[in-house]
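Basically this note's numbering = 1-based index in the sequence shown + 8.
Glycine included, every Cβ here is placed at the ideal spot set by N, Cα and C.
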Amino acid sequence: MSQKEMAYRIEELRFNAERIHSLQNTLFAAIFHQKEFSVGDFEWAFVLLGEMTMDALEELKVLTNCAFENFRKDGEKNEQND
Numbered sequence: 009m010s011q012k013e014m015a016y017r018i019e020e021l022r023f024n025a026e027r028i029h030s031l032q033n034t035l036f037a038a039i040f041h042q043k044e045f046s047v048g049d050f051e052w053a054f055v056l057l058g059e060m061t062m063d064a065l066e067e068l069k070v071l072t073n074c075a076f077e078n079f080r081k082d083g084e085k086n087e088q089n090d
């Protein structure tokens, strides 16, 4: 993966993290600052939050592996040129 591709994926991941954070804040306010609904009514929102978080973590793993692979390849090229 090129550095340009990694940069765009990191940018997209940052936007996803901002959306996850917004959802977390909204859920907290909706659940703990209201008296009309049971906390159980919000169960699917937590399922969604968990899925979004796991997707972000998986993407971070991929990007981390790609970054270190690129560093390794660059190191090998530098050793061959020396």
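- Look at the beta carbons and you see the stretch 38-48 not touching the stretch 14-26: under three pairs across the two are nearer than 8 Å.
- When only Cα atoms are considered, residue 63 and residue 79 end up about 24 Å apart.
- Annotation: residue 43 is outside any alpha helix (DSSP H) and is labelled neither H nor E by DSSP.
- For residue 9, the three-state secondary structure derived from DSSP is coil.
- Excluding the 5 residues flanking it on each side, residue 14 has same chain C-beta neighbours closer than 7 Å at 71, 74 and 75, in chain order.
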